[in-house]
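Here's the structure we're looking at; comments come further down.
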Amino acid sequence: SVGNTDSRGGLIVLEGLDRCGKTSQSGKLLSYLEGLGHSAELWRFPDRTTSVGQMISAYLLNQSQLDDHTIHLLFSANRWEKRSMMETKLKAGTTLIVDRYSYSGVAFSSAKGVDVEWCKAPEIGLLAPDVVLFLDIPPEKAAERGGYGGERYEHLEFQKKVAQCYQILRDSSWKIIDGCRGIEEVEKELRDIVVDHVLACKKGKPLSLLWS
Ligand code: TMP
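Dropping the structure here:
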């Protein structure tokens, strides 16, 4: 049978405020999918390993100053430089669990006052996620969790603005997950959603592009 030559991996994105739990949940999802025998990889943005990523990292660590538009375009460029590899992996059947994506790009920059449509423009043409798992947690609660590492955006007042900006980006690909619950409870909910989407992609759901 040639029935599964079109089968591809899923593009699964986790989003949310700093300290919402998405990094630990991403790792757990990866182990779960691998345990089920799926090919999967964990990705994250910003990818600080590239030269663009190093400029972003220096900015986040307050080691450099950049105009708000400039850093926005660097975050976007950091996704564009990974786009073809992302497409290759997905088409080869590997599911990608991605910790932050274009929604972080738009939410964090627009929280600084940059126009939302301007923020979205450089993201047009990137691969659209099959599902966005938004770990919903009040900014105050995230701040209580501690471990704000002192990077540029890790302040309660700013995170409150980011939370509002995320709201306007919600679309039909989003699943809002109550991130205030225990880690296992959240994990259980995520597992079922992710498996459904991975299977749909395997069965031939086509890839689409942002913003759609
Ligand atoms: P991280 O803590 O997940 O590595 O993300 C670093 C910070 O960068 C985090 O505060 C969110 C922010 N960010 C943007 O401002 N724009 C983006 O496009 C991305 C991916 C992250």
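Each number in full-length UniProt numbering comes from the position in the sequence shown (counting from 1) with 51 added on.
Even glycine gets a Cβ: it sits at the ideal position worked out from N, Cα and C.
May I ask which residues mark the beginning and end of the alpha helix (DSSP H) holding residue i?
| i | result |
| --- | --- |
| W169 | 167 to 171 |
| A91 | Per DSSP, A91 belongs to no alpha helix (DSSP H); it is in the beta strand (DSSP E), 91 to 95. |
| E191 | 190 to 195 |
| K212 | 207 to 218 |
Straight-line CA distance for residue i to residue j?
| i | j | result |
| --- | --- | --- |
| T121 | V167 | 15 Å |
| I107 | F126 | 7 Å |
| I175 | Y217 | 17 Å |
| A194 | L65 | 19 Å |
| G104 | T74 | 18 Å |
| R221 | G88 | 31 Å |
| L177 | W131 | 7 Å |
| G255 | S58 | 5 Å |
| T101 | S135 | 15 Å |
| Y199 | A214 | 16 Å |
| R203 | K79 | 27 Å |
| M137 | F96 | 12 Å |
| A128 | D119 | 14 Å |
| L260 | K133 | 15 Å |
| P180 | S224 | 8 Å |
| residue 304 | P257 | The structure shown has nothing for residue 304, since the chain only spans 52 to 263. |
| L84 | I63 | 12 Å |
Among residues of its own chain, excluding the 5 on either side of residue i, which ones have a beta-carbon nearer than 7 Å to its beta-carbon?
| i | result |
| --- | --- |
| K171 | V157, W262 |
| E240 | I228 |
| residue 48 | What is shown of the chain runs 52 to 263, which leaves residue 48 out entirely. |
| S52 | Annotation note: pLDDT 37 at S52 (below 50); position unreliable, no value reported. |
| K212 | A162 |
For a test of the three-state rule: what should DSSP assign to residue i, helix, strand or coil?
| i | result |
| --- | --- |
| T121 | helix |
| D247 | helix |
| K253 | helix |
| I175 | coil |
| L260 | strand |
| S58 | coil |
| R242 | helix |
| R221 | coil |
How is the beta strand (DSSP E) around residue i delimited, first residue to last?
| i | result |
| --- | --- |
| D187 | 182 to 187 |
| T146 | 146 to 150 |
| E66 | 62 to 66 |
| K226 | 225 to 229 |
Output needed for residue i: all residues of its chain with C-beta closer than 6 Å, excluding positions within five of it in sequence on either side, in chain order.
| i | result |
| --- | --- |
| L93 | S77, L81, I148 |
Tell me which same chain residues have a C-beta within less than 8 Å of the C-beta of residue i, skipping the five on either side of it?
| i | result |
| --- | --- |
| Q210 | L68, D69, P190, A193, A194, Y204 |
| R151 | V64, L65, E66, K73, R95, F96, P97 |
The region 138 to 155 / the region 102 to 120 touching (three or more Cβ pairs under 8 Å): no
Cβ contact check for the region 180 to 189 and the region 221 to 236: 3 or more pairs under 8 Å: yes
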